[in-house]
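The numbering used here runs 63 ahead of the 1-based position in the sequence shown.
Since the structure comes first, as structure tokens, the remarks are kept for the end.
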Amino acid sequence: MYIETLSKLPDHVDSNIEKGRIFAERNPKESLMNIELALKKGASTDDISQSASIAIAKSTNPDELGKTLKEFAKKYPDRWIWHKAALAFINNKNYNEAAFCFEKAISLGNDIESRLQLAVMQYSIQNKNKL
Numbered sequence: 064m065y066i067e068t069l070s071k072l073p074d075h076v077d078s079n080i081e082k083g084r085i086f087a088e089r090n091p092k093e094s095l096m097n098i099e100l101a102l103k104k105g106a107s108t109d110d111i112s113q114s115a116s117i118a119i120a121k122s123t124n125p126d127e128l129g130k131t132l133k134e135f136a137k138k139y140p141d142r143w144i145w146h147k148a149a150l151a152f153i154n155n156k157n158y159n160e161a162a163f164c165f166e167k168a169i170s171l172g173n174d175i176e177s178r179l180q181l182a183v184m185q186y187s188i189q190n191k192n193k194l
């Protein structure tokens with residue numbers, strides 16, 4: 064029934080959202096294409112942020128992940144995409160970019176816990192590496 068519905072309504076916004084979710088890990092390019100179509104048709108970023116971040120992570124070099132997520136978040140502002148970008152920048156020890164992305168996430172509705180998360184993670188990494 065699920066496949067039948069997707070087949071009958073291939074261009075419906077909900078079909079694009081579902082295809083974005085389904086393909087996020089196995090076919091990230093297909094996923095992102097469907098996610099962008101869904102957004103253009105009026106889908107909320109809340110509907111796609113998790114799938115988008117998975118697809119971007121699967122199709123991007125870890126060194127470029129923060130930058131790629133940041134560019135996506137600029138185009139389609141979403142607090143969780145900004146949050147994921149911040150975490151990616153933390154993994155690359157780029158704390159200034161991480162702070163910027165956390166601030167963007169907070170301005171879109173994340174609580175201040177994300178800023179505190181940055182401080183704790185930065186302290187842990189620096190303490191571990193004796194910086």
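Glycine is no exception: its CB is placed at the ideal position from the N, C-alpha and C atoms.
Would a C-beta distance cut-off of 8 Å place residue i and residue j closer than the cut-off?
i           : j           : result
residue 101 : residue 79  : yes
residue 122 : residue 92  : yes
residue 81  : residue 69  : yes
residue 136 : residue 144 : yes
residue 147 : residue 188 : no
residue 129 : residue 160 : yes
residue 195 : residue 182 : No answer is possible for residue 195: it lies beyond the span of the chain, which begins at 64 and ends at 194.
Return the residue from the list the options that minimises the CA-CA distance to residue i.
i           : options         : result
residue 163 : 86, 133, 139    : 133
residue 153 : 74, 110, 186    : 186
residue 108 : 161, 172, 86    : 172
residue 170 : 140, 90, 158    : 140
residue 127 : 138, 110, 149   : 149
residue 158 : 184, 138, 72    : 184
residue 103 : 192, 67, 66, 76 : 76
With DSSP run on the structure shown, which of helix, strand or coil describes residue i?
i           : result
residue 107 : coil
residue 160 : helix
residue 75  : coil
residue 97  : helix
residue 129 : helix
residue 186 : helix
residue 172 : coil
residue 68  : helix
Below 8 Å on the Cβ atoms is my guess for residue i versus residue j; work out the distance and round it to an integer in Å.
i          : j           : result
residue 94 : residue 83  : 5 Å
residue 98 : residue 118 : 7 Å
Which residue marks the beginning of the alpha helix (DSSP H) containing residue i, and which one marks its end?
i           : result
residue 89  : Neither: residue 89 is in no alpha helix (DSSP H) and is coded neither H nor E.
residue 150 : 142-154
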